[in-house]
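Student: Quick mapping for you: the protein sequence lines, in order, are chains A and Z.
First residue of the first sequence? That's 0 in numbering that gives the first Met the number 0, and the numbers climb one at a time after it.
First residue of the second sequence? That's 0 in numbering that gives the first Met the number 0, and the numbers climb one at a time after it.
Built from N, CA and C at the ideal position, the CB exists for glycine as well.
Next up is a structure, given as structure tokens.
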Amino acid sequence: MTLSLPALHPRTVLGFGRHDLRLLFNLTNMALRDRFLGSAVGRVWALLNPLLLLLIFSFVFSFVFKSRLPGADNSLSFIIWLISGYGPWLAISEGLSTSASSIIGNSGLVKNLSFKCELLPMAASLLGLVPLGVSFLLLAVLLALGGHAPTAAWLIIPLVLVLQFTLITGLGLFLGAINVFVRDVTQILPNLLVVLLFASPIFYSVDAFPEGLQFWVQLNPFYLVSNGYRVPLMYGVLPPLWQLALLTAIALAMQVGGLAYFRRLKGYFDARL
Amino acid sequence: MPGSDPERRPAVMARRAHKVFYVLGPGDTLRLLTMRRPTEVFQALSEISFEVPQGEFFGVLGRNGAGKSTLLRLLGGAYSPTRGQVYADGPTSAIYELGVGGNDRLTGREFAIRWFSLYGTAGAKLEDVLDEVVQFSELGEYFDRPIFTYSSGMAGRLYFAVATVLPGQIYLIDEVLAVGDEYFQHKSWRRMRSRLAEGASGVLATHDFTAVLKLCDKALILDGGRITAQGAAPAIVRRYLELEPPTGGASFIGLDDRSVPFAVQTEQDLAIELVVESDVDLPLLIGVSIETFQRGIGWEHLLQLDPTVIGSGKGRHRIELLVPRIPLNAGEYSLNLFLVAQPDPAVFSYNVLDARSWSHGSGLTVLVTGPERDGLFRLPVCWSHAEAAAV
């Protein structure tokens, strides 16, 4: 009796194989280059832009509005608090804007190259890593200045990072697909993001909301993300576990839902690209 | 033919493939986003079935809008068939649109690097591949300047060089062999011929029938997304060109069995007996040409005789065609005979009454036997020698 080998299936995760991972890396590089290709300062602007934004917001809120953390008279701790919430927001904003336009901006590739074009919005959302990296660097400097030592709670930060990018990727897939058919998305999105930014407790604490609303506000996934960074960095403890669980649920739902939605729609892209 | 082993799998195959595009009207967007199907469809391709053996090129002829580009993208995997199957035996090198993934602000080198990062280098070293691209495109220092500084010809050369530098196995070409000036076109054709000699297979979609004749063994005609004809390239081209069928009135008799070639030894006399039956009271002229078909080059006229009067009036005529000491070297050649009438002797125009030629799908074959020699002819040279007077 001869033994027969089972049929070899290529390893796939969520419909992606190893080849797609390499392609994702290449597409992310491409997206990064294309984003800053036309600027005279070149790729330095990718680092300079978030840095300038972080500094200007810190200046305005801390010194002009004189916001302080409740109970503290220290502007440094407020700035750390601000950046640890706003830095991730820059990543979200950058990721969502680029992924929304990723399909129509690469229509040549989509029409001519045989590949899984889900990878385009996913690669675009990964661009958010750049402003996130800049804010982490700035935070590292400020935390050192403020004499904050790393605590065990900081170990949760990589998890929050993964959850954040799962969320952005999922949303990016929705936006990227819809934008092919409703080009207004890229027009509306910047305004929408500004509204969301100020509606979420990023520049101010949750306590600013009336008691009744506070619970509902905390369900905002963008708040959950920034809180996920903020609490360990500021207070050295883990963020509330229910928040992490909720964020995981929302991020996974967005990722799976976004992939499914995108894959349903991508068969019709050629009608609009 | 090198590389076309009938027992091997076909290089490219389509089996009852269909492609449907959804047409989105203004109201359909909302339907689509809420996961309902749009109603209006456009049937781009229907019932496409054909096979391309390994080592051969296949031509797809058709007018603009017939579906050639759609078919090519279907074969290359950029589109999926809505019904039926499409198969390519290995990675395809698809040249649908030049400059895909490009951005004007990239330099030529950066574009090439980006291209190879997406398509792969098939194991070759990136540096070597880039060197070949620079050499072939002859861009020199422009290779490191942004593409927006190039002329359109230079950009075309860059894109073509990048797309064809890797010795691919299967080429899918969409009308792009006409890139650049004459010199560069010649280079491009030479490159495609050498790929062909290396055993490449491919599909060429074009409305340029000379390209199909030069490169392809078989071809098909696409019209409105359907195959209207499929077969040997010369016959298909003739049909595509809708060459006028002979008008009749007189005809060759007894030349319909074309499976037996006329055999002759090199430098021997070629004698062909023709019988012509005529119903018209006009002088009859016969034109003769002997051609050879060389892959990658096309039909070459070798020997031609302008129409010559051989008889006149109604009835049956027996004619002997004699080529004394035919100078052709060993090989297989195409013989074309045209029976023409010149209605007005003052006007240099002919009506073709009957023909046996490739362009009418009925070419005759001349098989010349003899020692293998280079070249097509033996040069009939006479030498003479005289003593030169001493100076």
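1) State the start and end residues of the unbroken alpha helix (DSSP H) segment that holds Asp127/Z.
2) May I ask you to report which of helix, strand or coil DSSP gives Gly127/A?
3) Report the residues of the region 22-43 of chain Z with a CB closer than 8 Å to any CB of chain A, ordered along the chain.
4) Looking at chain Z, which residues of the region 98-110 of chain A have a Cβ within less than 7 Å of any of its Cβ atoms?
5) How many angstroms separate the CA atom of Arg194/Z from the CA atom of Gly54/Z?
6) Starting from Ala87/Z, trace the beta strand (DSSP E) both ways and give me its first and last residue.
7) How about Leu269/Z and Phe261/Z: do their beta carbons lie closer than 8 Å?
8) Please give me, in chain order, every unbroken run of the beta strand (DSSP E) with length at least 3 that falls completely inside the region 46-106 of chain Z.
9) Can you tell me where the alpha helix (DSSP H) with Gly84/A in it begins and where it stops?
10) Can you round the beta-carbon distance between Ala77/Z and Ser113/A to whole angstroms, since I take them to be within the 8 Å contact cut?
11) Less than 6 Å between C-beta atoms, sequence neighbours within five positions excluded: which residues of the same chain meet that for Gly227/A?
12) Output the residue ranges of the beta strand (DSSP E) runs that lie fully inside the region 322-363 of chain Z and measure 3 residues or longer, sorted by chain position.
13) Please report the distance separating the alpha-carbon of Tyr141/Z from that of Phe62/A.
14) Going by CA-CA distance only, name the one from Phe49/Z, His300/Z, Gln84/Z that's closest to Thr291/Z.
15) Quick one, which of Val129/A, Met233/A, Ile55/A, Ala198/A has its alpha-carbon nearest Ala30/A's?
16) At a Cβ cut of 9 Å, what residues of the region 111-125 of chain A count as close to chain B, listed as they run along the chain?
17) Taking contact to mean 3 or more Cβ pairs, one atom from each stretch, closer than 8 Å, check whether the region 181-192 of chain Z and the region 31-40 of chain Z are in contact.
18) Out of curiosity, what's the CA-to-CA distance linking Asp343/Z and Tyr349/Z?
19) Within its chain, find whatever has a CB closer than 7 Å to the CB of Ala152/A; leave out the 5 residues flanking it on each side and keep chain order.
20) Is the beta carbon of Val275/Z less than 8 Å from the beta carbon of Ala270/A?
21) Check each candidate in Val287/Z, Ser136/Z, Thr148/Z, Ser151/Z and name the one with the smallest Cα separation from Phe159/Z.
22) For chain A, is any of its Cβ atoms less than 8 Å away from the one on Val85/Z?
23) Kindly list the residues whose CB is nearer than 6 Å to the CB of Leu302/Z, restricted to its own chain and excluding five residues on each side of it in sequence; keep chain order.
24) So Ser66/A and Met233/A are in contact, right, with Cβ under 8 Å, and what is the actual spacing, rounded?
25) Under the rule that 16 or more other beta-carbon atoms within 10 Å means buried, what is Tyr182/Z, buried or exposed?
26) Considering just the uninterrupted stretch of the alpha helix (DSSP H) at Arg15/Z, what are its terminal residues?
27) Tell me the residue span of the alpha helix (DSSP H) that contains Glu181/Z.
Tutor: Inspection of the coordinates gives the following:
1) Looking at the DSSP string, the run of the alpha helix (DSSP H) that includes Asp127/Z is 125-136.
2) helix
3) Val22, Leu23, Thr28, Leu31, Leu32, Met34, Pro37
4) Going along the region 98-110 of chain A in chain order, one finds Gly107, Leu108, Lys110 with a Cβ nearer than 7 Å to chain Z.
5) 10 Å
6) 82-87
7) Their beta carbons are under 8 Å apart, which means Leu269/Z touches Phe261/Z by this criterion.
8) 56-61, 82-87, 91-94
9) 74-99
10) 5 Å
11) Val159, Pro238
12) 330-340, 350-355
13) 52 Å
14) Out of Phe49/Z, His300/Z, Gln84/Z, His300/Z has the C-alpha closest to the C-alpha of Thr291/Z.
15) Val129/A
16) The structure shown has no chain B; the protein chains it does contain are A and Z.
17) no
18) 9 Å
19) Pro231, Gly235, Val236, Leu237
20) no
21) Ser136/Z
22) no
23) Ile289
24) Actually they do not touch by this definition, with Cβ atoms about 15 Å apart.
25) exposed
26) Element bounds for Arg15/Z: not the alpha helix (DSSP H) but the beta strand (DSSP E), 11-21.
27) 181-196 is the span of the alpha helix (DSSP H), which, as asked, contains Glu181/Z.
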